[in-house]
Amino acid sequence: MTLVHFQLLSAALFALGVYGVLARRSAVLVLISIELMLNAVNVNLVAWAAYNHFDKVTGLVIAVFVITVAAAEVALAFAIVLRLYRARGSVNVDEIDIMRG
Amino acid sequence: MGLTSTDIYLISPELALAGLALAVVLLDLALKNKTVVLGVAVVGLLVPIAFAVSLWVRVDGLVFARETGFNGSLVIDQFAIFFKLLLLGILVLVLLASNEYTGRFRRYQAEFTGLVFFSATGLMLLPAAGDLITVYVALELASLPIVALAAFLKMQARSTEAGLKYLVLSGVSSAVLLYGFALLYAATGTMRIVSPSAAEPSIAQMLTVTHAGLPFGNVAVLAGVVLVLAGFGFKLSMVPFQMWTPDVYEGAPTPVSAFLAVASKSAAFAVVLRVFYSALGDVSADWSLVFAALAAVTMSVGNLVAIAQSNVKRLLGYSTIAHAGYMLVGVAAIAARAGDAGDGSLGIVSVLFYLGGYAAMNLAAFFAVIAITNRTGNETVRGLAGLGQRSPLLAGMLAFALVSLTGIPPTVGFMGKLFVFNAAINTGYTWLAVIGVINSVVSAYYYLNIVRVMYLQPADGDARPVSANAPATVALAFTSIAVLLFGLWPTGLLDAARAAATALLQTL
Numbered sequence: 034m035t036l037v038h039f040q041l042l043s044a045a046l047f048a049l050g051v052y053g054v055l056a057r058r059s060a061v062l063v064l065i066s067i068e069l070m071l072n073a074v075n076v077n078l079v080a081w082a083a084y085n086h087f088d089k090v091t092g093l094v095i096a097v098f099v100i101t102v103a104a105a106e107v108a109l110a111f112a113i114v115l116r117l118y119r120a121r122g123s124v125n126v127d128e129i130d131i132m133r134g
Numbered sequence: 012m013g014l015t016s017t018d019i020y021l022i023s024p025e026l027a028l029a030g031l032a033l034a035v036v037l038l039d040l041a042l043k044n045k046t047v048v049l050g051v052a053v054v055g056l057l058v059p060i061a062f063a064v065s066l067w068v069r070v071d072g073l074v075f076a077r078e079t080g081f082n083g084s085l086v087i088d089q090f091a092i093f094f095k096l097l098l099l100g101i102l103v104l105v106l107l108a109s110n111e112y113t114g115r116f117r118r119y120q121a122e123f124t125g126l127v128f129f130s131a132t133g134l135m136l137l138p139a140a141g142d143l144i145t146v147y148v149a150l151e152l153a154s155l156p157i158v159a160l161a162a163f164l165k166m167q168a169r170s171t172e173a174g175l176k177y178l179v180l181s182g183v184s185s186a187v188l189l190y191g192f193a194l195l196y197a198a199t200g201t202m203r204i205v206s207p208s209a210a211e212p213s214i215a216q217m218l219t220v221t222h223a224g225l226p227f228g229n230v231a232v233l234a235g236v237v238l239v240l241a242g243f244g245f246k247l248s249m250v251p252f253q254m255w256t257p258d259v260y261e262g263a264p265t266p267v268s269a270f271l272a273v274a275s276k277s278a279a280f281a282v283v284l285r286v287f288y289s290a291l292g293d294v295s296a297d298w299s300l301v302f303a304a305l306a307a308v309t310m311s312v313g314n315l316v317a318i319a320q321s322n323v324k325r326l327l328g329y330s331t332i333a334h335a336g337y338m339l340v341g342v343a344a345i346a347a348r349a350g351d352a353g354d355g356s357l358g359i360v361s362v363l364f365y366l367g368g369y370a371a372m373n374l375a376a377f378f379a380v381i382a383i384t385n386r387t388g389n390e391t392v393r394g395l396a397g398l399g400q401r402s403p404l405l406a407g408m409l410a411f412a413l414v415s416l417t418g419i420p421p422t423v424g425f426m427g428k429l430f431v432f433n434a435a436i437n438t439g440y441t442w443l444a445v446i447g448v449i450n451s452v453v454s455a456y457y458y459l460n461i462v463r464v465m466y467l468q469p470a471d472g473d474a475r476p477v478s479a480n481a482p483a484t485v486a487l488a489f490t491s492i493a494v495l496l497f498g499l500w501p502t503g504l505l506d507a508a509r510a511a512a513t514a515l516l517q518t519l
């Protein structure tokens, strides 16, 4: 396993995440896709930290921050998704279009 | 290494503000009288303001006008403190102006104030970020409370929709931004924007050319900068990342829209200036033209789409996109001049001055809209008809703010545009200044249309007088006076902007 493998893995996961955000119709799956994007970045950061001879800590530190912030984000996200479900009986993002123009 | 008392002092304005947020929420449980809670919140803001002013004095006395804390994660210079004071001033005014509006939240009113304070804490940390980790954490600290605030009107589907849209797009933009940070880290081996000591170099010092002829001379840096630009573009509501702006502004409670439009945008410009100027200043020739092109597209799209809007909040949303475009002109002008022996700070000074003036005039417009729509319940432009007779004071102040947003003298909007376009012309971007002036003319159509509706069209049906409550009137009067004063005597704001710009240039 070399650094290039990790970078390819990271890029592939990130691309999957972007596809999920754009193509998925359920708000829950859109949010999971965002998590996938964040974790793709984490793979990249941790791999670079491991192969970096100059500064081995920074990449790991920011990865820990990303995980923590993502947890906070999910808590907030599902509160809003629940609210949406109660108001409409569905979490389909295609139907969220009161405002346009 | 360890934590020192200096570190605590350097972060004291943010600590005081976060403490105040908790105090307001707790005090609200204990007290029945909500006016006292608001009083504590407003008066309590004097504490972070005092700390910020004392830091300004402290930094002013240093030979190298900058101090780093937390092992270089936090940079305190006059650039950072300029934004801290600007944000705290915005916070006081937003609190005063939104008191009547937030009354509808009843027992959640203090939570609303607390969330605004937490978001402002993150926004205040952003311009003081010394490395990319701080940028990310501060950005999320600023964004997550705004998601909750945008969705605060629980019973309105529009508000929940605004919250979800902001959350999803802010999540995606954070991920893109982080990918960019990872690539910059990959290429340079560091995340420092500012180097605290010789043993800990910054990104600027670690940039190396691996592919001559390519922009930035390095594939990873090129990809990283593109992703970072996209990530920040969302916060700046820069075209093509602006699509969330009108929806969130329309759906969110109006005070939140005002806070987003002014506070969030100022801090986003601050961090863009810090990252691009400090970390990537040496290669500015490669990104300057990109900013110039984005500026031209952003202001044109913002102004042209604003013409078609019938909802006032939505119209102001598009107007803030247009103004982000004008400010990007200044960002581009910085770049063209970097490395020049001449006045390299011209562009930064113009952006900082514009941000100060933009805060005053946009807050004035939003405050008037908050006061009017809160009483009439009608958010359309048509709903403002006859306001010249129904409420001469509010209509006059709104008209004055709109005249300033158009850029007509003797207002700060005119001075701001003058400085920005002057910076553009001085750095060889004459074509950009021409596009900017054409855009100002286009913007006059929809701004002055509101004035026309207010004064020349009779009210439909309900013609009762509309008035704002006392705190809102004070906030509105203060912003209107600031618009006029900075327009007639720009020197004070200009001097502060110069000091801040000099401090930022020094970090190069």
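These protein sequences, in sequence, are chains Y and R.
The working numbering runs 33 ahead of the 1-based position in the first sequence.
The working numbering runs 11 ahead of the 1-based position in the second sequence.
All C-beta atoms, glycine included, are put in the ideal place defined by N, C-alpha and C.
All values reported here derive from a predicted model rather than from experimental measurement.
- Going along the chain, which unbroken runs of the alpha helix (DSSP H) with 4 or more residues stay wholly within the segment 75-155 of chain R? 89-113 and 120-136
- Message: What residue range does the alpha helix (DSSP H) around R:Gly498 cover?
- Response: Sequence index remark: in the second sequence, residue 498 of chain R carries index 487 (1-based). Unbroken alpha helix (DSSP H) run through R:Gly498: Ala481 to Leu499.
- Task: Check each candidate in R:Leu14, R:Tyr196, R:Ala317 and R:Leu134 and name the one with the smallest Cα separation from R:Ala522.
- Result: This structure cannot speak to residue 522 of chain R, because chain R is shown only from 12 to 519.
- Measure the beta-carbon distance from R:Val283 to R:Phe243 and round it to whole angstroms, keeping in mind my assumption that it falls under 8 Å. To locate residue 283 of chain R, count along the second sequence from 1; it is residue 272. To locate residue 243 of chain R, count along the second sequence from 1; it is residue 232. That belief holds up - the Cβ atoms of R:Val283 and R:Phe243 are roughly 5 Å apart, short of 8 Å.
- Query: Near R:Val392, what residues of its chain come up, given a Cβ to Cβ distance below 8 Å and the 5 sequence neighbours on each side ignored?
  - Reply: Start at 1 with the first residue of the second sequence, and residue 392 of chain R comes out as number 381. The answer, listed in chain order, is Gln320, Ser321, Asn322, Val323, Leu326, Asn460, Ile461 and Val464.
- Measure the C-alpha to C-alpha separation of R:Gly367 and R:Leu504 and round it to an integer number of angstroms. As a working mapping, residue 367 of chain R is identified with position 356 in the second sequence. As a working mapping, residue 504 of chain R is identified with position 493 in the second sequence. Taking the straight line from one Cα to the other gives about 7 Å.
- Count the other CB atoms within 10 Å of the CB of R:Gly80; is the residue buried (16 or more) or exposed (fewer)? Here the question's residue 80 of chain R lines up with position 69 in the second sequence. R:Gly80 should be labelled buried.
- Message: Between which two residues does the alpha helix (DSSP H) holding R:Gln517 run?
- Response: If you number the second sequence from 1, residue 517 of chain R lands on position 506. Note, R:Gln517: alpha helix (DSSP H), Thr502 to Gln517.
- Message: Tell me which residues share the same chain as R:Leu98 and place their Cβ nearer than 8 Å to its Cβ, disregarding the 5 neighbours each side in the sequence.
- Response: Residue mapping note: residue 98 of chain R aligns to position 87 of the second sequence, counting from 1. Here the set comprises Ala131, Leu134, Met135, Ala274, Ser277 and Ala278.
- Item | contact_flag[the segment 121-128 of chain R, the segment 71-81 of chain Y] where n(CB pairs < 8 Å) is 3 or more | no
- Spatial neighbours of R:Glu122 in its chain, beta-carbon cut-off 7 Å, leaving aside the 5 residues before and after: Taking the first residue of the second sequence as 1, we reach residue 122 of chain R at position 111. Same-chain partners within the cutoff: Val36.
- Message: Using only the alpha-carbon positions, how far apart do R:Tyr20 and R:Val58 sit?
- Response: For the purposes of this step, residue 20 of chain R is taken as residue 9 along the second sequence, with counting starting at 1. For the purposes of this step, residue 58 of chain R is taken as residue 47 along the second sequence, with counting starting at 1. Answer to the nearest angstrom: the Cα atoms are 13 Å apart.
- At 7 Å on the CB atoms, spell out the chain A contacts of R:Gly182, in chain order. Among the protein chains of the structure shown, namely Y and R, there is no chain A.
- At a Cβ threshold of 8 Å, is Y:Ile129 touching chain R? For the purposes of this step, residue 129 of chain Y is taken as the residue at position 96 of the first sequence. Closer than 8 Å to some Cβ of chain R, the Cβ of Y:Ile129 qualifies, so yes.
- Message: Contact criterion: CB-CB distance below 8 Å. Does R:Ile144 meet it with respect to chain Y?
- Response: Counting from one through the second sequence, the residue named residue 144 of chain R turns up at place 133. Yes, because at least one Cβ of chain Y sits closer than 8 Å to the Cβ of R:Ile144.
- Item | Under the three-state DSSP convention, the category Y:Asn77 falls into | The sequence position of residue 77 of chain Y within the first sequence is 44, counting from 1. DSSP places Y:Asn77 in helix when its eight states are reduced to three.
- In chain order, each beta strand (DSSP E) run of at least 3 residues that lies wholly inside the segment 242-266 of chain R: none
- R:Thr391 by DSSP, collapsed to three states: which one? As a first step, residue 391 of chain R is located in the second sequence; it is residue number 380 there, counting from the start. Note: R:Thr391 maps to strand in three-state DSSP.
- Does the segment 23-33 of chain R come within contact of the segment 59-73 of chain R, defined as at least 3 CB pairs closer than 8 Å? yes
- In angstroms, rounded to a whole number, what distance separates the CA positions of R:Gly182 and R:Arg401? In the second sequence, residue 182 of chain R corresponds to position 171, counting from 1. In the second sequence, residue 401 of chain R corresponds to position 390, counting from 1. Distance between the alpha carbons of R:Gly182 and R:Arg401 is about 44 Å.
- Counted within 10 angstroms of its Cβ, other Cβ atoms place R:Ala352 as buried (16 or more) or exposed: The count along the second sequence starts at 1 and reaches residue 352 of chain R at position 341. Interpretation of R:Ala352 is limited by its pLDDT of 41, a score under 50 that renders its predicted location unreliable; the figure taken from the coordinates is listed afterwards. Flag for R:Ala352 reads exposed.
- Which one of R:Arg69, R:Asp506 and R:Ser268 has the shortest CA to CA distance from R:Ile359? For the purposes of this step, residue 359 of chain R is taken as residue 348 along the second sequence, with counting starting at 1. That would be R:Asp506, whose Cα lies nearest to the Cα of R:Ile359.
- Where are the alpha helix (DSSP H) runs, 4 residues long or more, that stay fully inside the segment 82-118 of chain Y, in chain order? none
- Message: Using the three-state DSSP reduction, which class does R:Asn314 fall into: helix, strand or coil?
- Response: The sequence position of residue 314 of chain R within the second sequence is 303, counting from 1. Helix at R:Asn314.
- Message: Less than 6 Å between C-beta atoms, sequence neighbours within five positions excluded: which residues of the same chain meet that for R:Gly350?
- Response: Along the second sequence, read from residue 1 onward, the residue named residue 350 of chain R stands at position 339. Confidence in R:Gly350 is poor, its pLDDT being 48 and thus under 50, which makes the residue's placement too unreliable to answer from.
- Query: Does Y:Gly122 have its Cβ less than 8 Å from a Cβ in chain R?
  - Reply: Against the first sequence, residue 122 of chain Y aligns to sequence position 89. No - not a single Cβ of chain R is within 8 Å of the one on Y:Gly122.
- Message: Does the structure place the segment 103-122 of chain Y close enough to the segment 190-205 of chain R that three or more beta carbon pairs sit under 8 Å?
- Response: no
- Item | Cβ neighbours of R:Leu416 in the same chain (closer than 6 Å, five flanking residues each side left out) | By one-based count along the second sequence, residue 416 of chain R stands at place 405. Excluding residues within five positions, the ones whose Cβ falls inside 6 Å are Met372, Gly424 and Tyr458.
- Task: Verify the CB distance criterion: does Y:Leu41 have a CB-CB separation below 8 Å to chain R?
- Result: Within the first sequence, residue 41 of chain Y is the residue found at index 8, counting from 1. Judged by the 8 Å Cβ criterion, Y:Leu41 is not in contact with chain R.
- C-beta contact flag for R:Tyr177 and R:Val259 at 8 Å: By 1-based counting over the second sequence, the position of residue 177 of chain R is 166. By 1-based counting over the second sequence, the position of residue 259 of chain R is 248. Yes; because the gap between Cβ atoms is below 8 Å, this pair is in contact.
- Item | Proximity to R:Phe94 [Cα-Cα], best of R:Gly228, R:Leu49, R:Val316 and R:Ala140 | Translated into the one-based positions of the second sequence, residue 94 of chain R becomes position 83. Ranking the options by Cα distance to R:Phe94, first place goes to R:Ala140.
- Task: List the endpoints of the continuous alpha helix (DSSP H) containing Y:His38.
- Result: Mapped onto the first sequence, residue 38 of chain Y falls at position 5. Note, Y:His38: alpha helix (DSSP H), Leu36 to Ala56.
- Query: Considering only the beta carbon of each residue, do R:Pro266 and R:Tyr440 sit closer than 8 Å?
  - Reply: Here residue 266 of chain R corresponds to residue number 255 of the second sequence, with the count starting at 1. Here residue 440 of chain R corresponds to residue number 429 of the second sequence, with the count starting at 1. Contact flag unset, no.
- Given that a residue counts as buried once 16 or more other Cβ atoms are within 10 Å of its Cβ, and exposed if not, what is Y:Lys89? On the first sequence, residue 89 of chain Y is found 56 positions in, with the first residue counted as 1. Looking at its Cβ environment, which holds fewer than 16 other Cβ atoms inside 10 Å, Y:Lys89 is exposed.
- May I ask you to list, following chain order, the residues of the segment 145-172 of chain R that have a beta carbon less than 8 Å from some beta carbon of chain Y? Tyr147, Val148, Glu151, Leu155, Val158, Ala159, Ala162, Lys165, Ala168, Arg169, Thr171 and Glu172
- Within chain R, the residues that Y:Gly92 reaches when beta carbons sit closer than 7 Å: Residue numbering aside, residue 92 of chain Y sits at position 59 when the first sequence is read from its first letter. Within 7 Å Cβ-Cβ: Tyr196.
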